[in-house]
């Protein structure tokens, strides 16, 4: 399979801040490749590098077989970029925005309508409405339509689902999966761990470095210990108690439960007694499967210790 | 080309959707012209003056009546002694005091001369000079009349001063070209610099950059709509100054419009240059206003003649493009001269335009 992005040893500094350090990865044709990491991890910088908006300080970045620095003019014809901030003209209507981006890329809405019809049909009833007056989910669909209108080979989506409601998010991911049939490669960043499962492959990124790249399933399997889900009525008290328990390695809140790892991957009755002694009863402990988030936290922990 | 037209269309949509832009574009010029034309006037009209008549005879009565009936002056107070002068001027309602010496009429007839003093309030130098000139003119006029009626033999030779091009020394002749110059550079530079920095602030520039649009296309696409609208603006201002102030265009209208187009283009390219250097709209507005308005008013010869500036200032003023346009527009509008008299200034404006556009394209960042 053809490589769409090949990055080796990329670093980028802004003043004293090291935004990215020594990043290497490859993205193959037709993949949905996710970058998962908290705010400030360097996702936006990386995407701007790929979108030819920034120049790497070190390393080599090839996109669609072209060097991202010297081949930027050719590249800009073939990538679709959706920045993290809503970046359409708020004082133009839905239709005018779409037509504008179509003409700028030397195409027409009609020509590539089949590509966006699935997404655009949701907002078409509001095509006379000003873009600034759309809801968050609709704005995002319009932005995606605009980024797709020239049938790019590579679609770069920087945190497309941030600030969007859960239903729209799910819908959005459904649309991205459908785009695969048009052979469009997609790289997408998100701070939401649950969205990682919807990518073909993900890179966990933290403080400018990639912690791990793999299929989401494999990343989950990479969790090195047995994970237990602990539940009790008083969650906050429970966390404090678990952290002070000598047998505990890690404790992280997870939804309505607490994910805990223990020394020797097991626990015994002394834990129940310990918790009881702290005034916590009705404790429920089950072994559970690690999610991406658990693995991410584990990798982060290792990273900071190293 | 299609891309470019699409871009221009989008710019027009921005302009017509935004009421504030439209007000700045069309409201401000009209208000400014009317404001400068009516309020900032160098003409004297009903200036208050006081009289200290120590003679109180027929002659002094005639002269003071003549002064007050001229339309330029109004009698405010009649003083009784020298001690009152200071008191009256300090109230600063009265701008000047005219004093007739004792036995004025008798002296004038017997000795052939008598003295009038004009005491003006020097804290307003412009006003003071104007009043002195006007009063002197009126008294001279009176002298002539007197010579004509009473002593036919003694011909008084009087210097007759006539102002060419602006016979009545009307302020509008001076201000309309100045205001056109000021407004055009401000609006053109301000509008373009704001529209480009707006794209930066709203993040749309990021998307524009990641498109096949070339910097030239983006810049020209931004300039084009404002160029057309500013041209309409100039025509509007000229019409307004003709209808309201009766200011004619003595020279060729075509030449005037052509020179205006050049000036608009220069101002627009200056605006783009500003925008390539500023990150936010606020910064662009600040540079446009402070960096352009003050130098244009002070150093363009709009109010203060460049010839009278101390050494050094003149050289700085030479770097201000508006001064050349003021020269051009005054030549064409008021003197009615042709292209042969303004070709040097025209060349300088072209050079400025080329330099600004060149620098803008070079400074335009093709990345973030």
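Residue numbers (this note's numbering), protein chains in the order written: chain S, 1 to 306; chain U, 1001 to 1368. From the three backbone atoms N, C-alpha and C, an ideal C-beta is built for every residue, glycine too.
Asked                                                                                                                          : Found
Beta bridge counterpart(s) of residue 34 (chain S) as assigned by DSSP                                                         : S:188, S:202
Presumed contact (8 Å Cβ cut-off) between residue 149 (chain S) and residue 112 (chain S), rounded CB distance                 : 6 Å
CB of residue 1325 (chain U) within 9 Å of CB of residue 1263 (chain U), strictly                                              : yes
Contact check, residue 1335 (chain U) vs residue 1250 (chain U), beta carbons under 9 Å                                        : yes
Segment limits, beta strand (DSSP E) that includes residue 81 (chain S)                                                        : 79-82
Residue 58 (chain S), DSSP secondary structure in three states                                                                 : strand
Nearest candidate by alpha-carbon position, reference residue 1205 (chain U), set S:110, S:267, S:85                           : S:85
Residue 1121 (chain U) versus residue 1278 (chain U) - alpha carbon distance                                                   : 47 Å
Run of the alpha helix (DSSP H) containing residue 253 (chain S), from where it starts to where it stops                       : Residue 253 (chain S) -> not in any alpha helix (DSSP H); beta strand (DSSP E) instead, spanning 248-254.
CB contact check: residue 109 (chain S) to chain U, cutoff 9 Å                                                                 : no
Residues from the segment 1193-1221 of chain U in contact with chain S, defined by Cβ distance under 8 Å                       : 1202, 1203, 1204, 1206, 1207, 1208, 1209, 1210, 1211, 1212, 1213
Neighbour flag for residue 1013 (chain U) against chain S, beta carbons, 9 Å                                                   : yes
Extent of the continuous alpha helix (DSSP H) to which residue 1222 (chain U) belongs                                          : 1215-1245
Sheet register partners of residue 261 (chain S) (DSSP bridge)                                                                 : S:250
Contact with chain S by residue 1163 (chain U), beta-carbon distance below 9 Å                                                 : Any reading at residue 1163 (chain U) is ruled out, since the residue's pLDDT is 49, under 50, leaving its predicted position unreliable.
Selection from U:1059, U:1300, U:1078 that minimises the alpha carbon distance to residue 1115 (chain U)                       : U:1059
C-beta atoms of residue 215 (chain S) and residue 300 (chain S) nearer than 9 Å                                                : no
Cβ of residue 1018 (chain U) within 9 Å of any chain S Cβ                                                                      : yes
Contact residues within the segment 83-101 of chain S, judged by C-beta distance below 8 Å to chain U                          : 83, 85, 86, 87, 88, 89, 90, 91, 92, 96, 99, 100, 101
is_contact[residue 133 (chain S), chain U] using C-beta, thresh 9 Å                                                            : no
Residue 330 (chain S) burial status per 10 Å Cβ neighbour count (16 or more: buried)                                           : The structure shown does not extend to residue 330 (chain S), since chain S is modelled only from 1 to 306, so the question has no answer here.
Within chain U, the residues that residue 51 (chain S) reaches when beta carbons sit closer than 7 Å                           : 1210
Integer Cβ distance of residue 131 (chain S) from residue 144 (chain S), believed to fall under 8 Å                            : Rounded, the Cβ-Cβ distance is 13 Å, inconsistent with contact.
Residue 1291 (chain U) classed as buried or exposed, judged by whether at least 16 other C-beta atoms fall within 10 angstroms : exposed
Spatial distance of residue 92 (chain S) from residue 1013 (chain U) (CA atoms)                                                : 7 Å
Distance cut-off 8 Å: residue 1080 (chain U) Cβ against heavy atoms of the ligand ZN                                           : This structure does not include the ligand ZN; it has no bound ligands of any sort.
Within 9 Å, strictly: CB atoms of residue 291 (chain S) and residue 180 (chain S)                                              : no
Near-chain S residues of the segment 1339-1357 of chain U (beta-carbon distance less than 7 Å), N- to C-terminal order         : none
Boundaries of the beta strand (DSSP E) in which residue 1050 (chain U) is found, first to last residue                         : 1047-1053
Under 7 Å by beta carbon: chain S residues contacting residue 1003 (chain U)                                                   : 103, 104, 106
CB contact check: residue 1366 (chain U) to chain S, cutoff 9 Å                                                                : yes
At least 3 beta-carbon pairs within less than 8 Å: the segment 154-172 of chain S vs the segment 69-82 of chain S              : yes
When S:282, S:186, S:133 are compared against residue 51 (chain S), the one with the closest alpha-carbon                      : S:186
Chain-ordered chain U contacts of residue 334 (chain S) [CB-CB under 7 Å]                                                      : In the structure as shown, chain S begins at 1 and stops at 306. Residue 334 (chain S) is therefore absent and cannot be evaluated.
Any 3 or more C-beta pairs closer than 8 Å across the segment 1072-1081 of chain U and the segment 1043-1052 of chain U        : yes
Neighbouring residues, chain U, relative to residue 55 (chain S) (Cβ below 8 Å)                                                : 1367
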